[in-house]
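Student:
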Amino acid sequence: MSITQLSSPLLRFLFIEDLEDDALLLVDFLRSGGLEFDWQRVATEQEVSLKLQESWDIVFSDYTMPGFSGIHALEIVRKHDPDLPFIFISGTIGEEIAVEALKHGAQDYVMKGNMGRLLPAIDRELREARSRRERRQTDQLLRKLSLVVTQTTDSVFVTDREGHIEYVNPAFELLTGYSIGEAKGKTPAILCSGQHDRNVYCQLWETIVSGNIYKGTLVNRRKNGEFFHQEQEITPLKDEQGHITHYVATGRDITNRVNIERERARLAAILEATPDLVAIFEPSGVFRYLNGAGRRLLGISLREDITQYRMQTLFRKDIAQQMMDEIIKSASQDGIWSGETVLQIAAGRELPVSQVVLAHKNNGQEIEFLSTIARDISERKRFEAELQHQATHDRLTNLPNRFFLVDRFTTALEHARRHRHYVAVLFLDMDHFKRINDTLGHAAGDSLLQQVAQRLHSCMRANDTVARHGGDEFTIVVGDLDDPENILGVLRKLRKAIERPIIVNSQEIYVTFSTGIALYPHDGTGIEDLLSHADIAMYQAKSAGPNQYRFYAPNMNVRGHELLALEADLRRAMEQEEFVLHYQPQIDLRDNRIIGAEGLIRWQHPTRGLVSPADFIPLLEKSGMIVPVGEWVMHEACRMHRKWRKLGFNDLRVSINVSAAQFGDADLLAKVQRVLKEERMPHQALEFEITENILMRDPVSAAELLEAIHALGVRIAIDDFGTGYSSLAYLKRFPLDALKIDQTFVRDITSDTSDAAIVEASVSLAHKLDLEVVAEGVETEQQLAFLYAQGCDLVQGYYFGRPVTISEFIRLLQQ
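Just so you know, UniProt numbering puts 21 at position 21 of the sequence shown, and the rest follows in order with no gaps.
#1: Would you report the Cα separation of residue 239 and residue 90, rounded to the nearest angstrom?
#2: Straight-line CA distance for residue 551 to residue 488?
#3: Apply the 10 Å Cβ neighbour rule to residue 596 and answer buried if 16 or more other Cβ atoms are within range, or exposed otherwise.
#4: Rounded to whole angstroms, what is the Cα-Cα separation between residue 556 and residue 610?
#5: On the DSSP bridge list, what partners appear for residue 400?
#6: Please report the distance separating the alpha-carbon of residue 233 from that of residue 210.
#7: Using a Cβ-Cβ cutoff of less than 6 Å, which residues in the same chain neighbour residue 433 once the five nearest sequence positions on both sides are dropped?
#8: Here's the rule: buried if 16 or more other CB atoms are within 10 angstroms of the residue's CB, otherwise exposed. What is residue 700?
#9: What does a CB cutoff of less than 8 Å around residue 629 pick up in its chain, not counting 5 residues either side in sequence?
#10: Kindly provide the ranges of any alpha helix (DSSP H) runs that are 4 or more residues long and lie completely inside the UniProt domain "Response regulatory" (12–127), ordered along the chain.
#11: Compare the beta carbon distance of residue 715 and residue 686 with 9 Å and say whether it is the shorter of the two.
#12: If you count every other CB in all the chains shown that lies within 10 Å of the CB of residue 816, and 16 or more means buried, which is it?
#13: In the DSSP assignment, the alpha helix (DSSP H) including residue 200 goes from what residue to what residue?
#14: Below 8 Å on the Cβ atoms is my guess for residue 703 versus residue 734; work out the distance and round it to an integer in Å.
#15: Would you mind giving the Cβ-Cβ distance between residue 689 and residue 737, rounded to the nearest angstrom? I have them listed as a contact below 8 Å.
#16: Out of curiosity, what's the CA-to-CA distance linking residue 191 and residue 244?
#17: Suppose you measure from the CA of residue 576 to the CA of residue 255; what does that come to, to the nearest Å?
#18: Is it true that the CB of residue 783 sits closer than 9 Å to the CB of residue 749?
#19: Rounded to the nearest angstrom, what separates residue 815 and residue 781 at their Cα positions?
#20: Identify, in the order they occur along the chain, each residue of the same chain with its Cβ nearer than 7 Å to the Cβ of residue 523, setting aside the five sequence neighbours on each side.
#21: Just list the residues that DSSP pairs residue 370 with in beta bridges.
#22: From residue 101 to residue 10, what does the alpha carbon distance come to, in whole angstroms?
#23: Return the chain-ordered list of same chain residues with a C-beta closer than 7 Å to the C-beta of residue 107, the five sequence neighbours on each side being excluded.
#24: May I ask you to report which of helix, strand or coil DSSP gives residue 513?
#25: What does the Cβ neighbour count give for residue 128, buried or exposed, with the cut at 16 atoms within 10 Å?
#26: What is the DSSP secondary structure of residue 213, counted as helix, strand or coil?
#27: Between the stretch 368–386 and the stretch 398–409, are three or more C-beta pairs nearer than 8 Å?
#28: Can you find the residues in the same chain that come closer than 7 Å, C-beta to C-beta, to residue 541, ignoring five residues on each side of it along the sequence?
#29: Per DSSP, what are the beta-bridge partners of residue 310 in this structure?
#30: Under three-state DSSP, which class holds residue 152?
#31: Do residue 316 and residue 342 have their beta-carbon atoms positioned less than 9 Å apart in this structure?
#32: Report buried or exposed for residue 224, applying the criterion of at least 16 other Cβ atoms within 10 angstroms of its Cβ.
#33: Within this structure, are the beta carbons of residue 584 and residue 797 separated by less than 9 Å?
#34: Tell me which residue opens and which closes the beta strand (DSSP E) that residue 315 is part of.
#35: Go ahead and pull the three-state DSSP assignment for residue 557.
#36: Rounded to the nearest angstrom, what separates residue 376 and residue 407 at their Cα positions?
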């Protein structure tokens, strides 16, 4: 396209030139080249700014002018219009200055002594300016459309022609709970609620793949499982050949509207279906409306005109007017009257009711009409005693609950104080109840709790209290003890009561308890102290193994204070850098060399010395500090691995344990990625050890998280294999690299045929699943020989060395 074609309508040129003669020469040159244009000359900054308010097709500027530089002129033009062509025409501009001018946004430069390039430059820049403006307008339009899609309250998502989601807008994320990262690559089936027949979705798909727009209302499901109603419109997008390339779905949440319409219909149905009397009446008492239940109660047929009855007919004649006066007065003042009354119903019977009367006022605040709801409370009156029982007893077992226990406990203590007797409180926690629940189901667990409760109750005296404390925990208060040792007889009775198997779903279950005992007045004089001390004693019993009991004693109280102080110190341990990692070597039996180590946390207390993990790990988990401490362990293990690599040990790996709280941390994956990056850790050199029980709490979520971690290259090992679920199915479900046989099976493999068989089977199974096998707790040469014979891959244990400091481990590597 030529300048002539572009020059209709008349072109307008702006010259920024301090010398008018130079401007006239330029004009003559351009017109001699066949250009027709209007032009004006400016020479100052103020004139430039003023003239830029008008429309121009191109700007020509001298580079050097007195008091006003061409570069500054260019800046002014660019602020006004970034697309307006700007060409320097100067006799003083050099190559370096020209390059600088182009960097600042000039389109071209022409020397006054060589004007041959000017006309082609003008032709080019007029065309490119139009293209730039069109692109900018297109970009602006796209930005506006993007803002519309981003800011609209309607849900929008785009899929490819196969239905895989490529984009979702913020409204979609807010409505469904799925982020763009979670939705991308999925299909809209993630929103499927199961509320529609399969044919609905088939018809939808047939509509859009045939190139038609689908419109309809769907019930979808949010990420959290909640349903929502949505007006959905799905439009196929086609290319120039008419082929479908994408689908755009817009949806409007109409859940509130559907719910409101549903509630209106439901309210109308409820008014007629409710067993409560519902009526609307005038201030004089004349009925305007009475629902079916009210008609039945008063013996009024559906054909009778309700306006011949008055509100006063609901009450006995001797109190009718008094009730109406009280109701109208209270409703006028407060807008509502409520109370319990007795209605006079059909056949002269009386019915106790709970009644509410509402006053509905007009704009003048005068009562226009009143409405009332009267509910039959005869059953409530009849069952008040039962309600009281339910308030003080556990619904599942019918045993006293904690509130009633405190009341009975108070009575027992008062009696003991008067008669100088002893009172014992026993805190019982069922051993391995969670395993029963997980194996047989919650219904079986409930049945077991009911039968256990019955047995506990049946073996106690009438004045003793057996209460369900919550979950699988029971509390027993035994009063009138002449001697504290008498409680041993109670323990024998309890054990005898539950030593027989309990039958649940035709299966025999043997139940044991961990029992803690506190005695009044030796272990406390207040209820909360005694309950707390019994609880502490119970945990001492549980730590000793199943079916154990422990008495609370003064030295246990001292221990409790020590633990509190220890927890306070623990919260400062991170800040004071008191945690260290010790490393236990892992030996490859195939070539008898160290291939890595397990990093084990230790606490170097400033005054207590090296604190046992058994003392502080439970405190970390209980307080929630295990999550940040676990992240520190990751950092430290990777940092030490970098130190090994600097010393030339490049093919080692390091294993660390991941706790249940860490595994439940929503940010675990991000933390792993950050640690690997910050510590420059070879991904395959890091191994996570996770116990079976952690994985089986939520197998689906666990599998997703492990897949993501494993995709980074991090190894996954099952720790303490055989002590948890020991399910073969999960070994196939999860992305595993190694299986660690627990030391409880390794300890007696040379003397216990059962343990030997378990280890042999575990090694064989792991190898068939292409898993590496690590045996923990190897302490003797005989154990090592057995494991070698079975083809075990790796071993660790005291036979090769205890966990050692980083410096000792490096010395071990160097030796």
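All residues carry an ideal CB built from backbone N, CA and C; glycine is no exception.
Since the model is a prediction, treat every value here as computed from it, not as a measurement.
Tutor: Straight from the coordinates:
#1: The residue labelled residue 239 in the question sits at position 239 within the sequence shown. The residue labelled residue 90 in the question sits at position 90 within the sequence shown. Distance between the alpha carbons of residue 239 and residue 90 is about 50 Å.
#2: Locating residue 551 in the sequence shown gives position 551, where the first residue counts as 1. Locating residue 488 in the sequence shown gives position 488, where the first residue counts as 1. Going from the Cα of residue 551 to the Cα of residue 488 covers about 11 Å.
#3: Numbered from its first residue, the sequence shown carries residue 596 at position 596. Buried.
#4: Counting from 1 along the sequence shown, the entry for residue 556 is found at position 556. Counting from 1 along the sequence shown, the entry for residue 610 is found at position 610. In this predicted model, residue 556 has a pLDDT of only 45, less than 50, meaning its place in the structure is not dependable enough to derive any value.
#5: As a first step, residue 400 must be located in the sequence shown, where it is residue number 400. BP columns for residue 400 point to 393.
#6: Reading the sequence shown from its first residue, position 233 is the one you call residue 233. Reading the sequence shown from its first residue, position 210 is the one you call residue 210. Their Cα atoms are separated by approximately 15 Å.
#7: Residue 433 sits at position 433 when you count from the first residue of the sequence shown. 472, listed in sequence order.
#8: Position 700 of the sequence shown, counted from the start, is the residue given in the question as residue 700. Label assigned to residue 700: exposed.
#9: Here residue 629 refers to the residue found at position 629 when the sequence shown is read from its first residue. Here the set comprises 574, 579, 601 and 620.
#10: Segments of the alpha helix (DSSP H) lying fully in the UniProt domain "Response regulatory" (12–127): 20–32, 45–51, 70–80 and 95–103.
#11: By 1-based counting over the sequence shown, the position of residue 715 is 715. By 1-based counting over the sequence shown, the position of residue 686 is 686. Result yes, Cβ atoms of residue 715 and residue 686 sit closer than 9 Å.
#12: Outside the modelled stretch of the chain, which goes from 1 to 815, sits residue 816, for which no answer is possible.
#13: One-based indexing of the sequence shown puts residue 200 at position 200. From DSSP, the alpha helix (DSSP H) with residue 200 extends over 198–209.
#14: Start at 1 with the first residue of the sequence shown, and residue 703 comes out as number 703. Start at 1 with the first residue of the sequence shown, and residue 734 comes out as number 734. Yes, residue 703 and residue 734 are in contact; Cβ-Cβ is about 6 Å, under 8 Å.
#15: Residue mapping note: residue 689 aligns to position 689 of the sequence shown, counting from 1. Residue mapping note: residue 737 aligns to position 737 of the sequence shown, counting from 1. Not a contact, Cβ separation roughly 11 Å.
#16: One-based indexing of the sequence shown puts residue 191 at position 191. One-based indexing of the sequence shown puts residue 244 at position 244. The C-alpha of residue 244 is placed about 23 Å away from the C-alpha of residue 191.
#17: Taking the sequence shown and counting its residues from 1, the one referred to as residue 576 is at position 576. Taking the sequence shown and counting its residues from 1, the one referred to as residue 255 is at position 255. Going from the Cα of residue 576 to the Cα of residue 255 covers about 54 Å.
#18: Here residue 749 is taken as the residue at index 749 of the sequence shown, counted from 1. Here residue 783 is taken as the residue at index 783 of the sequence shown, counted from 1. Cβ distance < 9 Å, so residue 749 and residue 783 count as in contact.
#19: Translated into the one-based positions of the sequence shown, residue 815 becomes position 815. Translated into the one-based positions of the sequence shown, residue 781 becomes position 781. Going from the Cα of residue 815 to the Cα of residue 781 covers about 21 Å.
#20: Taking the sequence shown and counting its residues from 1, the one referred to as residue 523 is at position 523. Excluding positions up to five away in sequence, the list reads 530, 533 and 552.
#21: Position 370 of the sequence shown, counted from the start, is the residue given in the question as residue 370. Per DSSP, 281 and 359.
#22: As a working note, residue 101 is residue 101 in the sequence shown. As a working note, residue 10 is residue 10 in the sequence shown. When rounded, the distance between both Cα atoms is 28 Å.
#23: Looking up residue 107 in the sequence shown gives position 107. Only 85, 86, 87 and 125 meet the Cβ criterion.
#24: Indexing the sequence shown from 1 puts residue 513 at position 513. Here residue 513 sits in strand by DSSP.
#25: Here residue 128 corresponds to residue number 128 of the sequence shown, with the count starting at 1. Per the 10 Å Cβ criterion, exposed.
#26: Position 213 of the sequence shown holds residue 213. In the structure shown, residue 213 sits in coil (DSSP, three-state: anything other than H, G, I, E or B).
#27: no
#28: Here residue 541 refers to the residue found at position 541 when the sequence shown is read from its first residue. Taken in chain order, the residues that qualify are 514, 515, 516, 548, 549 and 550.
#29: Taking the sequence shown and counting its residues from 1, the one referred to as residue 310 is at position 310. DSSP lists 286 as partners of residue 310.
#30: The residue you call residue 152 lines up with position 152 of the sequence shown. Looking at residue 152 - three-state DSSP - the assignment turns out to be coil, as it is neither helix nor strand.
#31: On the sequence shown, residue 342 is found 342 positions in, with the first residue counted as 1. On the sequence shown, residue 316 is found 316 positions in, with the first residue counted as 1. Taking 9 Å as the Cβ cut-off, residue 342 and residue 316 qualify as a contacting pair.
#32: Position 224 of the sequence shown holds residue 224. So residue 224 ends up on the exposed side.
#33: Translated into positions along the sequence shown, residue 584 becomes position 584. Translated into positions along the sequence shown, residue 797 becomes position 797. Yes, these two residues count as a Cβ contact at 9 Å.
#34: Here the question's residue 315 lines up with position 315 in the sequence shown. Per DSSP, residue 315 belongs to no beta strand (DSSP E) and is neither H nor E.
#35: Within the sequence shown, the letter at position 557 stands for residue 557. For residue 557, the predicted structure reports a pLDDT of 46, less than 50, and the residue's modelled location is therefore unreliable. A value from the coordinates is still provided. Of the three classes helix, strand and coil, the one that applies to residue 557 here is helix, per DSSP.
#36: Taking the sequence shown and counting its residues from 1, one reaches residue 376 at position 376. Taking the sequence shown and counting its residues from 1, one reaches residue 407 at position 407. Spanning the two alpha carbons is a distance of roughly 33 Å.
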